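Trainee: Have a look at this one before I ask anything.
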Amino acid sequence: MASSDSMSEYKIRELEQGITESKHTYTITKVPRSREVRQAWFTTVFTTLYAALYSFPVVFKSRPDLILCNGPGTCIPLCVAGFILRVLGVKRVQIVYVESMCRVETLSLSAKILYYFADHLLVQWPSLQHKYPRTRYIGRIV
Amino acid sequence: MADSNQKPTKNVFVTVGTTSFDDLIKTVCSENLIEVFRELGYSKILLQIGRGEYEPPVLQSDDFCVEYYRLKPSISEDVSSADLIISHAGAGSVLEAMGAKKPLIVVINDSLMGNHQVELAYQLYKDGHLYYGTCCELKNLLRTVDLRKLKPLEPGRPEKFGAFLDQVMGIS
Numbered sequence: 001m002a003s004s005d006s007m008s009e010y011k012i013r014e015l016e017q018g019i020t021e022s023k024h025t026y027t028i029t030k031v032p033r034s035r036e037v038r039q040a041w042f043t044t045v046f047t048t049l050y051a052a053l054y055s056f057p058v059v060f061k062s063r064p065d066l067i068l069c070n071g072p073g074t075c076i077p078l079c080v081a082g083f084i085l086r087v088l089g090v091k092r093v094q095i096v097y098v099e100s101m102c103r104v105e106t107l108s109l110s111a112k113i114l115y116y117f118a119d120h121l122l123v124q125w126p127s128l129q130h131k132y133p134r135t136r137y138i139g140r141i142v
Numbered sequence: 143m144a145d146s147n148q149k150p151t152k153n154v155f156v157t158v159g160t161t162s163f164d165d166l167i168k169t170v171c172s173e174n175l176i177e178v179f180r181e182l183g184y185s186k187i188l189l190q191i192g193r194g195e196y197e198p199p200v201l202q203s204d205d206f207c208v209e210y211y212r213l214k215p216s217i218s219e220d221v222s223s224a225d226l227i228i229s230h231a232g233a234g235s236v237l238e239a240m241g242a243k244k245p246l247i248v249v250i251n252d253s254l255m256g257n258h259q260v261e262l263a264y265q266l267y268k269d270g271h272l273y274y275g276t277c278c279e280l281k282n283l284l285r286t287v288d289l290r291k292l293k294p295l296e297p298g299r300p301e302k303f304g305a306f307l308d309q310v311m312g313i314s
């Protein structure tokens, strides 16, 4: 998760505490945010590259079977790393992106970037699925 | 003589999530709006102001009070004890109000560029689940809309997503 995101960490720990299976383990790794809200696009190039420096090793080391993400841009370097692993034939990493429920008429920038990279791009409104045929609509998830 | 006409208190909860939305807070706490809330029978306004700079004056009188705080780990208690929710257009806040089946008025933040959050408010308004407008329109909205006409929003189905993932990973 993004290093500036304290709420998500709290929610995850709360959720995991409710899961009692003994084989179940989790780790939380924090990476720099690719772009802060309202950050200028020019500087975003540099902050994204900086985030990639942290994100690439995380993915290369863990070699996940699945990268599940929901944007914002913090997920992009992680997905790119997963895509690189796949292209190099190291691991068949599946990338699933879930678009925010806020997105009714237009895709977010993260979703547009991942449109051709992600294995599955889920949207939560049928209007979006009609506009962007590569996306999938399986009903509202949240 | 016992007071047999005690009305239950009607509460308004205003939330801006983790954002800053000074215009909304100022509008809600203005004399004009307080007057409207009083007219409509509300006796308490609780504001969650997030990262806003403007801190409203706290008001505690016999028949009306205004309180605020910045952030809490969960606003669900404040949402469930509210009779009306006034919120920014953030998905988290909107869904929290919808999940608690509360009447909701979404106020759009004009100063945000590329405000895609309006899409969600507009769609849910078209589907009859909430009302929405700008800070300037809020007073008129409060006076004219019928909150009883709002329809509850069906909850999302996360289990569908679980089933989908199982299929993708070849587990099902």
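Chains as they are written, first to last, in the numbering used here: chain A, 1 to 142; chain B, 143 to 314. Using N, Cα and C, we set each Cβ at its ideal position, and we do this for glycine too. Just so you know, these numbers come straight off a predicted model, no measurement behind them.
Using DSSP with H/G/I as helix, E/B as strand and the rest coil, what is E173(B)?
Mentor: Here E173(B) sits in helix by DSSP.
Trainee: Does I76(A) have its Cβ less than 7 Å from a Cβ in chain B?
Mentor: Output row for I76(A): interface = no.
Trainee: Give me the Cβ distance between V142(A) and G298(B), rounded to the nearest whole Å; I'm assuming they're in contact under 8 Å.
Mentor: Yes, V142(A) and G298(B) are in contact; Cβ-Cβ is about 4 Å, under 8 Å.
Trainee: Just curious, the alpha helix (DSSP H) that T27(A) is in, first and last residue?
Mentor: Segment: none, T27(A) is in no alpha helix (DSSP H) and carries neither H nor E.
Trainee: For E195(B), which of helix, strand or coil comes out of DSSP?
Mentor: It is coil, neither helix nor strand.
Trainee: Starting from the C-beta of V178(B), find all residues in its chain whose C-beta is less than 8 Å away, skip the five residues before and the five after it, and write them out in chain order.
Mentor: Hits under 8 Å: K281, L284, R285.
Trainee: From Q129(A), L66(A), S127(A), T25(A), pick the residue whose C-alpha is nearest to that of A118(A); which is it?
Mentor: A118(A) has its Cα closest to that of L66(A), out of Q129(A), L66(A), S127(A), T25(A).
Trainee: Taking the C-alpha atoms as reference points, what is the distance between T157(B) and S108(A)?
Mentor: Rounded to whole angstroms, T157(B) to S108(A) spans 24 Å at the Cα level.
Trainee: Excluding sequence positions up to five away, which residues of its chain have a Cβ less than 7 Å from the Cβ of P43(A)?
Mentor: It should be pointed out that residue 43(A) corresponds to Thr in this sequence rather than to Pro. Around T43(A): no qualifying Cβ.
Trainee: Compare the Cα-Cα distances from I247(B) to each of I187(B), E209(B), D165(B), T276(B) and report the closest residue.
Mentor: The shortest Cα separation from I247(B) among I187(B), E209(B), D165(B), T276(B) belongs to T276(B).
Trainee: Just how far apart, CA to CA, sit S3(A) and T29(A)?
Mentor: Taking the straight line joining both Cα atoms gives about 9 Å.
Trainee: Which residues in chain B sit within 8 Å of Q94(A), going by Cβ to Cβ distance?
Mentor: Here the neighbours are V310, M311.
Trainee: Which of the residues in the stretch 129 to 140 of chain A, read from start to end, lie with their CB under 7 Å from any CB of chain B?
Mentor: Those residues of the stretch 129 to 140 of chain A that come within reach of chain B (Cβ to Cβ, closer than 7 Å) are I138, G139, R140.
Trainee: Quick one: what's got a C-beta closer than 6 Å to K91(A)'s C-beta in the same chain, skipping five residues either side?
Mentor: R63, L85, listed in sequence order.
Trainee: On the criterion of 16 or more Cβ atoms from any shown chain inside 10 Å, does K186(B) qualify as buried, or is it exposed?
Mentor: Per the 10 Å Cβ criterion, buried.
Trainee: Just to confirm my understanding: we take F56(A), look at its own chain, exclude 5 residues before and 5 after, and list those with CB closer than 6 Å. What are they?
Mentor: Here the set comprises A81.
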